Amino acid sequence: MDGEIAQDPRLPVPVTVFGPLHLLARRVHRLANTGHGHEALEAADAYLAIAHAVGDERSVVFLVQGQMYANLYMGRLPEAIRLGERLLRLHRAAGSVLGEAKALCDLAQIDVLRGRYFLGMGHLARAAVLLDRPYTDGERRISALCSFAEAASAAEMYEIAAATYDRLTVTHASFGLVHAATLLHWGLRLAHVGRSDEAGARLRRSAEITRQQVEQRPDDVVAVAMLALALAKLGDVVPAEKLAREAVMPLRQAENYRYARMAHVALGISLRTQGALAEARREFVAARELCGFGTGPDEKPIIRFELALTALATDDGQAARDIFDTVEGQTRELWRLREQRLALLRQARQREESEAARARAEREVLRDPLTGLDNRRRFDLLMRHIDQGRMAMPLVLLLVDLDHFKAINDAYSHATGDRALCEVARILRAHCRPDDVPVRYAGDEFTVFLRGDLAVGREVAERIRAAVARADILPGVRLTVSVGLAELGEGMSGETLFREADDRLYAAKWSGRNTIAS
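Numbering-wise, our numbering comes out as the position in the sequence shown, counting from 1, plus 36.
Spelled out as structure tokens, the structure:
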């Protein structure tokens with residue numbers, strides 16, 4: 037993330053795309069990610085007050101995200117959901133598609149942890165469709181893809197998570213270990229449902245990734261624990277035991293309980309395979325005791341299955357066999373439910389893709405082919421919404437008309453006139469926010485449905501007028517616009533609003549053109 041901070045020599049401080057208080061927001065994220073949830077929340081509250089006071093809305097979004105992650109990691113899921121929904125609203129209001137996709141992924145992960153799978157798969161499917169679009173903001177897309185993979189992992193949809201990490205590691209090797217962890221858990225679960233060949237392939241790939249990391253950094257105990265577990269399950273138990281013993285205590289001392297659990301399980305499998313059954317059981321029990329510190333949904337079933345295998349190896353009597361059969365049945369049922377989630381996601385994605393295709397078709401019907409703005413049909417639709425009381429207020433209607441446009445067509449050509457119209461449309465888009473709707477009404481006439489009061493409308497109208505006047509649209513020709521605007525009043529019809537704006541446009545024309553009237 038540090039690479040996203042650029043120093044402009046004209047400025048006294050670094051400026052980032054995330055806002056001036058980005059470094060404070062990063063501290064909140066760092067505290068949340070390292071298990072200091074309460075400190076993260078206290079810092080976020082203090083920094084949010086500053087961000088709101090100075091109007092740094094970009095940092096507000098990043099701080100709210102930090103609050104959400106802190107609550108998520110602390111297991112406070114209702115609070116995390118509330119903050120995730122707030123984030124989603126903020127991203128949609130800002131028109132940030134990648135931000136919306138990431139928020140949907142985070143909400144999907146929380147939904148899965150709460151057992152709300154149908155809702156979670158809907159959120160994940162929507163995010164998948166958004167992430168399929170082409171983007172130029174590589175770092176934000178990577179961040180959203182990470183959240184997508186994490187949500188898929190939480191739902192035990194290893195195929196999807198692994199495929200996502202595979203894409204990420206092509207350009208960012210730092211994702212290698214999370215990719216290996218996904219393959220590792222996938223392999224363990226496949227082994228537990230009797231799909232040994234598939235399990236072996238995933239475990240060997242995980243071991244290959246982690247072995248490379250251990251060779252480069254022998255002190256990376258996280259990679260050591262992962263490699264130990266993969267090797268143990270593959271039957272290479274002597275090196276697995278050695279690696280697990282090296283990693284387990286440093287991980288426990290660092291309170292890195294997720295990977296400490298892996299080291300205990302690796303040690304337990306290695307000892308069981310070598311016949312040390314009592315010692316093996318102690319390791320699995322130790323792993324189970326650490327489950328009170330933030331486990332993933334698949335960790336307890338993995339530990340439970342290995343404990344049942346150890347009990348069966350210790351006593352092959354009917355009671356032990358019955359217990360193992362029960363655990364094995366539960367494991368297969370959990371795997372069946374996992375496959376149901378995959379089917380749910382496929383169905384949800386098909387619905388989202390159909391909806392996206394329908395929305396694209398509707399947009400094409402409502403789009404002006406020359407300028408790319410909305411067209412007269414869209415204008416009529418919005419006017420009906422006004423008549424039906426479905427348009428949020430405050431709202432201002434701008435009518436924008438090119439001055440002496442017929443003379444330009446006559447003197448230069450209609451192709452030249454079309455270029456001028458396209459340039460004016462570009463200027464309109466540049467001065468509109470995501471909730472504003474610019475429309476090519478007819479010929480050289482444009483309208484803008486602008487969210488805001490009359491003062492905001494006048495400010496935007498003046499910026500549009502000035503931008504057109506100074507633009508070098510046609511060499512040697514000064515192109516200008518006149519703008520009339522009116523504010524939607526309580527109970528006002530669309531026709532009345534349009535007539536008032538049109539009267540102001542007429543006044544702007546009669547006052548000499550290249551001006552605005554409200």
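Ideal Cβ positions, reconstructed from N, Cα and C, are used throughout, including at glycine. Because the structure is a prediction, the values reported are computed rather than measured.
>> Within a Cβ cutoff of 8 angstroms, which residues of the same chain sit near Arg46, ignoring the five residues on either side of it in sequence?
In response: Residue confidence for Arg46 is low, a pLDDT of 41 falling below 50, so the modelled location carries little weight; the figure read from the coordinates is stated next. Closer than 8 angstroms at the Cβ level, and outside the excluded window around Arg46, lies no residue.
> What span of residues does the beta strand (DSSP E) with Val229 cover, start to end?
Replying inline: Taken as a continuous stretch (DSSP letters only), Val229 belongs to no beta strand (DSSP E), as it is neither H nor E.
> Helix, strand or coil: which one does DSSP assign to Thr483?
Replying inline: strand
>> If you reduce the DSSP assignment to three classes, tell me which class Arg509 lands in.
In response: The sequence as given places Ile at residue 509; Arg does not occur at that position. Coil.
> How about the segment 172-189 and the segment 138-155: do they share at least three Cβ pairs that are nearer than 8 angstroms?
Replying inline: The segment 172-189 vs the segment 138-155: in contact.
> Which residue comes first and which comes last in the alpha helix (DSSP H) that contains Tyr295?
Replying inline: Tyr293 to Thr309
> Can you tell which of Ala392, Val484, Glu536 and Arg357 has its C-alpha closest to the C-alpha of Arg414?
Replying inline: The candidate whose alpha carbon is nearest that of Arg414 is Val484.
> Along the chain, which unbroken stretches of the alpha helix (DSSP H) at least 4 residues long are found entirely within the segment 380-430?
Replying inline: 412-423
> According to the neighbour-count rule (16 or more other Cβ atoms, all chains shown, within 10 Å of its Cβ), is Gln376 buried or exposed?
Replying inline: exposed
> In chain order, what residues of the same chain have a beta carbon less than 7 angstroms from the beta carbon of Gly39, not counting five sequence neighbours either side?
Replying inline: Confidence at Gly39 is low in this model, with a pLDDT of 38, below 50, so the placement of that residue should be treated as unreliable; the coordinate-derived value is given next. Excluding positions up to five away in sequence, the list is empty.
> Arg549 by DSSP, collapsed to three states: which one?
Replying inline: coil
> Below 8 angstroms, can you find three or more Cβ-Cβ pairs linking the segment 181-198 to the segment 152-166?
Replying inline: Below 8 angstroms, enough C-beta pairs join the segment 181-198 and the segment 152-166 to call them touching: three or more.
>> Helix, strand or coil for Pro474? Go by DSSP, reduced to three states.
In response: strand
>> Restricting to runs no shorter than 4 residues, where is the alpha helix (DSSP H) found entirely within the segment 310-369?
In response: 313-325 and 335-350
>> Rounding to the nearest angstrom, what Cα-Cα distance links Ala266 and Arg385 in this structure?
In response: 33 angstroms
> For the alpha helix (DSSP H) that contains Glu459, what are its first and last residues?
Replying inline: Its alpha helix (DSSP H) spans residues His450 to Ala466.
>> Quick check on the DSSP output: the beta strand (DSSP E) that includes Leu521 runs from which residue to which?
In response: Note, Leu521: beta strand (DSSP E), Val517 to Glu523.
> For Leu533, which option in Asp471, Asp439, Ala507 and Met419 has the closest C-alpha, if you only look at C-alpha atoms?
Replying inline: For Leu533, the nearest C-alpha among the options comes from Met419.
>> Please state the DSSP three-state secondary structure of Leu435.
In response: strand
>> Pairs of beta-carbons, one from the segment 391-400 and one from the segment 491-509, closer than 8 angstroms: are there three or more?
In response: no
>> My output table needs one value for Glu526: the three-state DSSP class, helix, strand or coil.
In response: Looking at Glu526 - three-state DSSP - the assignment turns out to be coil, as it is neither helix nor strand.
> Taking C-alpha atoms, which residue in Glu315, Glu495 and Pro474 lies nearest to Gly304?
Replying inline: Here the closest residue by C-alpha is Glu315.
> Are the segment 196-205 and the segment 223-235 touching by the rule of at least three beta carbon pairs closer than 8 angstroms?
Replying inline: Three or more Cβ pairs closer than 8 angstroms define a contact, and the segment 196-205 falls short of that threshold against the segment 223-235.
> Do the segment 363-374 and the segment 426-436 make contact, defined as three or more Cβ pairs closer than 8 angstroms?
Replying inline: no
> In its own chain, which residues sit with a C-beta less than 6 angstroms from the C-beta of Arg128, not counting the 5 before and 5 after it?
Replying inline: Glu136
> Does DSSP put Thr104 in a helix, a strand or coil?
Replying inline: Just to set this straight, residue 104 is Met in the shown sequence, not Thr. Note: Met104 maps to helix in three-state DSSP.
> Is the distance from the Cβ of Thr516 to the Cβ of Ala461 below 7 angstroms?
Replying inline: no
> My guess is that Val363 and Arg340 are in contact by the Cβ rule of under 8 angstroms, so how many angstroms apart are they, rounded?
Replying inline: 6 angstroms
> For Val90 versus Ala79, is the C-beta distance shorter than 7 angstroms?
Replying inline: no
> Between Asp57 and Asp92, is the Cβ-Cβ spacing less than 7 angstroms?
Replying inline: Note that residue 57 is Leu in the sequence shown here, rather than Asp. Closer than 7 angstroms, so yes.
> Thinking C-beta only, is Thr218 closer than 7 angstroms to Tyr194?
Replying inline: Between Tyr194 and Thr218, the C-beta spacing is below 7 angstroms.
> Based on Cα-Cα distance, which residue from Leu226, Arg225 and Thr200 lies nearest to Val214?
Replying inline: Thr200
>> Just to confirm my understanding: we take Ser242, look at its own chain, exclude 5 residues before and 5 after, and list those with CB closer than 6 angstroms. What are they?
In response: Ala216, Leu219, Leu220 and Ala266
> Can you name the start and end residues of the alpha helix (DSSP H) that Gly151 belongs to?
Replying inline: Here Gly151 belongs to no alpha helix (DSSP H), and DSSP marks it neither H nor E.
> Starting from Thr207 and walking both ways along the alpha helix (DSSP H), at which residues does that stretch end?
Replying inline: Tyr194 to Thr207
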